[in-house]
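Student: Note that the working numbering numbers the sequence shown so that position 159 is 168, with each residue one more than the last. Virtual Cβ for every residue (Gly too), placed ideally from N, Cα, C.
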Amino acid sequence: MIVLGVTGSIGSGKSYFCKKFSAKKGVKFVSSDTMVHDLYAHNNQVLEFIKHNFTEALIENKIDRKMLGKIVFNDKKRRKILENFIYPLLKKKRKKQMDIYRRNGLKILVLEIPLLFENELQEECDYTLTVFCNKFIQEQRALKRAGFTRENFMRVLATQMNVQKKIRLSDFSVNSGRNISGRLNDIYFQLISK
10 MIVLGVTGSI GSGKSYFCKK FSAKKGVKFV SSDTMVHDLY AHNNQVLEFI
60 KHNFTEALIE NKIDRKMLGK IVFNDKKRRK ILENFIYPLL KKKRKKQMDI
110 YRRNGLKILV LEIPLLFENE LQEECDYTLT VFCNKFIQEQ RALKRAGFTR
160 ENFMRVLATQ MNVQKKIRLS DFSVNSGRNI SGRLNDIYFQ LISK
């Protein structure tokens, strides 16, 4: 099984790319963000951790992801506390999913990992790909999210590696501000033929 790690900054179009790519024969897609949301919603260990460390992010004994995001993107120290707890759980969950797909004979697994290079997770991947677009398009996409402001966008962007550096570190790159179909097909055929 070939593992393609897909990254990109906020609003770059990485989820769109991953969904289109996973529509190809022999490809599945796993989103780190979705896995984290699942941990927040269904993991009692995570709930207890949040109760003790981020009490203000709880509403009726449930984690308010927007509030938690607001807290950690405004406080680097608290963000590190959360990351140091969540990332090992996320890595274990991702590995379990990868093992299932590998046993089932999947050809290509796409892992969407927004902070792939920042967290040095490229070792989990056979190939890496950065999705990017110009900053104006990126910001417009981010602002379409419910309750998302320019201030939120700038704060999140500040926590992420420069996109040009991500592109240099990647095996592939895709400009999502253009029609991605041709590039998507090229990459698919390169990987599926290995």
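Kindly identify the DSSP beta-bridge partner or partners of Ser31.
Tutor: Taking the first residue of the sequence shown as position 1, residue 31 is located at position 22. None, per the DSSP bridge assignment.
Student: Could you check whether the Cβ of Asp47 sits closer than 8 angstroms to any Cβ belonging to chain D?
Tutor: In the structure shown, chain D cannot be found, because there is only a single protein chain.
Student: Assign Phe126 to buried or exposed, taking buried as 16 or more other Cβ atoms, counted over all protein chains shown, within 10 Å of its Cβ.
Tutor: The residue given as residue 126 occupies position 117 in the sequence shown. So Phe126 counts as buried.
Student: Go ahead and pull the three-state DSSP assignment for Glu160.
Tutor: Along the sequence shown, one-based indexing puts residue 160 at 151. Of the three classes helix, strand and coil, the one that applies to Glu160 here is helix, per DSSP.
Student: Within the continuous alpha helix (DSSP H) that includes Ile176, where are the two ends?
Tutor: Along the sequence shown, one-based indexing puts residue 176 at 167. Segment 172-178, the alpha helix (DSSP H) holding Ile176.
Student: Of all the options Gln147, Leu124, Arg103, Glu148, which has the alpha carbon lying nearest to the alpha carbon of Val39?
Tutor: For the purposes of this step, residue 39 is taken as residue 30 along the sequence shown, with counting starting at 1. Minimum Cα distance to Val39 is reached at Arg103.
Student: Using the beta-carbon count (16 or more within 10 Å), is Asn149 buried or exposed?
Tutor: Within the sequence shown, numbered from 1, the residue matching residue 149 stands at position 140. Note on residue identity: the sequence assigns Gln, not Asn, to residue 149. So Gln149 counts as exposed.
Student: Run the CB neighbour count on Gly14, radius 10 Å, all protein chains shown included, and call it buried at 16 or more, exposed below.
Tutor: The residue given as residue 14 occupies position 5 in the sequence shown. Counting Cβ neighbours within 10 Å, Gly14 comes out buried, since at least 16 surround it.
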